[in-house]
Amino acid sequence: MANKYLGREDAPFGDEIWSAIDNIVVNTARSRLSGRKLLDIEGPYGLALKTVPLIDEVVTEGNVSMMSSAVLPVPLIETQFSLNVRDMATYEETGFSLDAPAIAQAAMSIAAMEDTLVFEGSKSLGIEGLLTAKGAQSITLSKWEEIGAAANDIIKAVTALDAAGFHGPYALALAPDLYNMLFRLYPQGYQVEMQHLESIVGSSIIKAPGIKKGGVLLAVGKQFASIVIGQDIATAYIGPAGGKHEFRISESLVPRIMVPEAICVLKA
6 MANKYLGRED APFGDEIWSA IDNIVVNTAR SRLSGRKLLD IEGPYGLALK TVPLIDEVVT
66 EGNVSMMSSA VLPVPLIETQ FSLNVRDMAT YEETGFSLDA PAIAQAAMSI AAMEDTLVFE
126 GSKSLGIEGL LTAKGAQSIT LSKWEEIGAA ANDIIKAVTA LDAAGFHGPY ALALAPDLYN
186 MLFRLYPQGY QVEMQHLESI VGSSIIKAPG IKKGGVLLAV GKQFASIVIG QDIATAYIGP
246 AGGKHEFRIS ESLVPRIMVP EAICVLKA
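My numbering applies: residue 6 is where the sequence shown begins, and numbers increase by one.
Printed below as a string of structure tokens:
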């Protein structure tokens with residue numbers, strides 16, 4: 006994880022602890038992130054990436070036109086955690102006592118913020134998410150308590166994308182409560198609703214904790230939407246503080262939605 010801005014060369018401990026921290030951070034974030042399972046990834050391009058270009062905007066007045074470059078800001082997401090010096094010394098000697106929950110909690114916070122940015126966007130920063138993009142299609146979901154209702158709704162969403170010229174492949178992400186309902190068996194046969202929906206969509210369905218309610222179906226491909234990463238998730242050393250060592254987890258990224266019409270928001 007070579008990054009001269011992480012300050013790791015200033016840390017008074019070795020690679021063994023860094024390896025343990027990195028494993029916890031990466032594995033925890035990977036288990037929590039759902040937006041990355043849905044969208045293509047572009048990058049990482051490095052910490053220096055502050056903006057991402059969009060299609061140029063043209064303004065015409067009479068017979069004169071002006072062309073302006075539109076850009077997306079690339080937010081830097083970060084949080085901190087600390088580890089007890091004595092626990093770290095014990096870990097280096099015995100392999101015990103590293104405070105994994107503190108590291109994992111910080112990593113989960115970063116992952117949750119990333120998914121919020123991907124799905125909800127940021128109004129204050131002018132960033133659209135998959136659920137808030139202007140021009141995206143939408144359907145209102147029925148009550149999924151009745152077995153078979155989920156399949157009918159997803160067929161409507163697929164039909165809407167088909168009619169707009171997006172014929173797949175598709176990806177589907179659902180809020181956890183809707184996702185969990187899909188493990189019910191149909192009254193006749195041995196198929197669960199999950200299997201039926203996967204056959205309709207053509208891919209595995211994603212459980213997305215970053216979606217509070219409803220879901221999203223979209224045509225797959227970075228020509229439609231992607232996540233642009235500057236710096237991928239990384240842990241930096243801040244320094245000693247009162248018997249502890251302080252660390253910072255950070256990343257920079259932005260969802261880039263090029264064709265919002267390729268998205269169908271499932272409103273609950």
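Positions of the beta carbon are idealized from the N, C-alpha and C atoms, including for glycine.
Distance between beta carbons of residue j and residue i, contact taken as under 8 Å
i                 : j              : result
valine 79         : valine 259     : 5 Å
isoleucine 144    : leucine 202    : Not quite, the Cβ-Cβ distance comes to about 14 Å (not below 8 Å), so this is no contact.
serine 39         : lysine 212     : 7 Å
valine 270        : leucine 136    : 5 Å
isoleucine 216    : alanine 180    : 4 Å
lysine 227        : aspartate 45   : 4 Å
valine 63         : serine 70      : 6 Å
phenylalanine 124 : glycine 134    : 5 Å
glycine 207       : tyrosine 175   : 6 Å
alanine 34        : isoleucine 115 : 6 Å
Three-state secondary structure assigned by DSSP to residue i
i              : result
proline 181    : helix
methionine 6   : Note on methionine 6: pLDDT 49, under 50, position unreliable in the model; the coordinate value appears next. In this structure, methionine 6 counts as coil in the three-state DSSP scheme.
threonine 65   : strand
tyrosine 191   : coil
glutamate 78   : What sits at residue 78 in the sequence shown is proline, not glutamate. In this structure, proline 78 counts as strand in the three-state DSSP scheme.
glutamate 150  : coil
isoleucine 22  : helix
glycine 215    : coil
isoleucine 46  : strand
isoleucine 205 : helix
serine 70      : strand
alanine 111    : helix
aspartate 104  : coil
leucine 166    : helix
serine 36      : helix
lysine 161     : helix
alanine 138    : coil
alanine 155    : helix
alanine 16     : coil
isoleucine 29  : helix
According to DSSP, residues forming a beta bridge with residue i
i                 : result
phenylalanine 252 : Phe86, Tyr242
alanine 144       : Reading off the sequence, residue 144 comes out as isoleucine, not alanine. BP columns for isoleucine 144 point to Leu271.
valine 123        : Looking at the DSSP assignment, valine 123 forms no beta bridge with any residue, so it has no partner.
glycine 235       : Looking at the DSSP assignment, glycine 235 forms no beta bridge with any residue, so it has no partner.
valine 259        : Val233
leucine 54        : In the DSSP output, where bridge partners are listed per residue, leucine 54 has none listed.
leucine 223       : Ala176, Ile268
glutamate 133     : Gly126
valine 197        : Leu190
Environment of residue i [buried if 16+ CB atoms lie within 10 Å]
i                 : result
phenylalanine 229 : buried
tyrosine 242      : buried
methionine 6      : With a pLDDT of 49 at methionine 6, under the threshold of 50, the modelled position of this residue cannot be trusted, and the question is left open.
alanine 267       : buried
threonine 65      : exposed
glycine 126       : buried
phenylalanine 101 : exposed
arginine 261      : buried
serine 231        : buried
methionine 263    : exposed
leucine 11        : buried
tyrosine 195      : exposed
leucine 81        : exposed
Taking 8 Å as the threshold, find out whether the segment 240-253 comes into contact with the segment 21-38 through three or more Cβ pairs.
-> yes
Counting pairs of beta carbons, one from the segment 186-201 and one from the segment 212-228, are three or more of them closer than 8 Å?
-> no
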